Amino acid sequence: MTTIDKPIRKPRPARWLPLETPRLILRDPREGDLDDIQAYASDPEVVRYMNWGPNTHAVTRTVLDGWLKQARRWPRRTVTMAVELKAVDRLIGVIRFGLWDPAAGTGDFGYVFNRTYWNQGLCTEAASAVVDTAFRRMGMRRMLANCDVRNTGSWRVMEKLGMRREALFHHDVMAHDGWRNSYLYAILADEWLAGSSANSLS
Ligand SMILES: CC(C)(COP(=O)(O)OP(=O)(O)OC[C@H]1O[C@@H](n2cnc3c(N)ncnc32)[C@H](O)[C@@H]1OP(=O)(O)O)[C@@H](O)C(=O)NCCC(=O)NCCS
Numbered sequence: 001m002t003t004i005d006k007p008i009r010k011p012r013p014a015r016w017l018p019l020e021t022p023r024l025i026l027r028d029p030r031e032g033d034l035d036d037i038q039a040y041a042s043d044p045e046v047v048r049y050m051n052w053g054p055n056t057h058a059v060t061r062t063v064l065d066g067w068l069k070q071a072r073r074w075p076r077r078t079v080t081m082a083v084e085l086k087a088v089d090r091l092i093g094v095i096r097f098g099l100w101d102p103a104a105g106t107g108d109f110g111y112v113f114n115r116t117y118w119n120q121g122l123c124t125e126a127a128s129a130v131v132d133t134a135f136r137r138m139g140m141r142r143m144l145a146n147c148d149v150r151n152t153g154s155w156r157v158m159e160k161l162g163m164r165r166e167a168l169f170h171h172d173v174m175a176h177d178g179w180r181n182s183y184l185y186a187i188l189a190d191e192w193l194a195g196s197s198a199n200s201l202s
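Right, here's the structure in full:
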């Protein structure tokens, strides 16, 4: 049976947070994360390719309040996770899972990390845990991510996860310097599970 004629498995709502990887814990955001969130969200280099920021303290306060409210519900379509680095015992970034199209078993994810911790494979480690959970525990069929074409660090993460560049969108998102072009990357459950020894959390 190919991916095309397989029946769609309905995503299961069992609670799958927190997640643990060798260096990280992915968990619900907490009140005590405020300063660590502001540290990355106020950095112009971090938000360079985003359609938000740099944040004032007041904006980050409002954002965290929304995440804390969101974290009280389960199941939910958007799960924003604090990424905590065990070695320093604090939030170093955030990764978001979205149940994009439940009927099609399609989810998406996005991430942002404090610049101090870039280029150490940490985002790839966190995203790998989210994608693995989506396919193995939630029964998702397809996972998507997108980014500004100039954001090499971001699409490198997607490629290291084994995702395929499927589309180039022209002027689809308003960035800080005008309408940006974006890449869409995707991976199917079968493809992820076929590379399971590299991708498995265990
Ligand atoms: C995107 C982001 C989360 C990546 O986090 P990270 O922890 O540095 O990611 P990783 O270390 O797992 O992988 C990054 C890869 O990109 C590569 N990279 C980063 N900048 C690069 C550049 N300018 N040119 C070429 N490669 C680059 C790194 O070398 C690394 O690849 P490698 O492991 O093959 O050497 C981080 O850069 C970030 O927070 N950026 C700002 C927010 C953002 O843009 N989020 C994504 C929105 S779509």
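First residue of the sequence shown: 1, per my numbering; consecutive thereafter.
Yeah, the Cβ is synthetic: ideal placement off N, Cα and C, and Gly gets one too.
Fair warning: this is a prediction, and the values are worked out from it, not measured in the lab.
Check your understanding: Helix, strand or coil: how does DSSP classify T56 here?
Key -> Position 56 of the sequence shown, counting from 1, holds the residue named residue 56. Residue state, collapsed to three classes: coil.
Exercise for review: Have a look at the DSSP bridge pairing and note the partners of F135.
Suggested key: If you number the sequence shown from 1, residue 135 lands on position 135. According to DSSP, F135 bridges with nothing at all.
Point to revise | Three-state secondary structure (DSSP) of T21 | key: Taking the sequence shown and counting its residues from 1, one reaches residue 21 at position 21. Residue state, collapsed to three classes: coil.
Exercise for review: Please report how far the alpha carbon of L201 lies from the alpha carbon of L17, in whole angstroms.
Suggested key: Here residue 201 refers to the residue found at position 201 when the sequence shown is read from its first residue. Here residue 17 refers to the residue found at position 17 when the sequence shown is read from its first residue. Its pLDDT being 42, under 50, L201 is placed unreliably by the model, and nothing is read from it.
Check your understanding: What's the C-alpha gap between Y185 and A145?
Key -> Looking up residue 185 in the sequence shown gives position 185. Looking up residue 145 in the sequence shown gives position 145. Distance between the alpha carbons of Y185 and A145 is about 5 angstroms.
Review point. Quick one: is the Cβ of R165 within less than 7 angstroms of any heavy atom of ligand 1?
Key: Within the sequence shown, numbered from 1, the residue matching residue 165 stands at position 165. Not so, every heavy atom of ligand 1 lies at least 7 angstroms from the Cβ.
Exercise for review: Drop a sphere of 10 angstroms on the beta-carbon of A103, count the other beta-carbons inside from all chains shown, and report buried for 16 or more, exposed for fewer.
Suggested key: As a position in the sequence shown, residue 103 is number 103, starting the count at 1. Exposed is the call here.
Review point. Under the criterion of a Cβ to heavy atom distance below 7 angstroms, does Q120 qualify as lining ligand 1?
Key: Within the sequence shown, numbered from 1, the residue matching residue 120 stands at position 120. Checking the Cβ of Q120 against ligand 1 gives yes.
Review point. Out of curiosity, what's the CA-to-CA distance linking W179 and V83?
Key: Position 179 of the sequence shown, counted from the first residue, corresponds to residue 179. Position 83 of the sequence shown, counted from the first residue, corresponds to residue 83. The straight-line gap from Cα to Cα measures roughly 30 angstroms.
Check your understanding: Thinking C-beta only, is F169 closer than 8 angstroms to S182?
Key -> What you label residue 182 is simply residue 182 of the sequence shown in a count that begins at 1. What you label residue 169 is simply residue 169 of the sequence shown in a count that begins at 1. Yes, the pair counts as a contact, with Cβ atoms nearer than the cut-off.
Point to revise | Unbroken alpha helix (DSSP H) run spanning E159, endpoints | key: The sequence position of residue 159 within the sequence shown is 159, counting from 1. That run of the alpha helix (DSSP H) goes T152 to K160.
Review point. Can you round the beta-carbon distance between A189 and M138 to whole angstroms, since I take them to be within the 8 angstroms contact cut?
Key: What you label residue 189 is simply residue 189 of the sequence shown in a count that begins at 1. What you label residue 138 is simply residue 138 of the sequence shown in a count that begins at 1. With 8 angstroms as the limit, A189 and M138 do not qualify as a contact, their Cβ atoms being about 10 angstroms apart.
Practice item. Below 7 angstroms CB to CB, which residues in the same chain sit around A127 once its five sequence neighbours on both sides are set aside? Key: Counting from 1 along the sequence shown, the entry for residue 127 is found at position 127. Around A127: I95, F109, Y111, V157 and L161.
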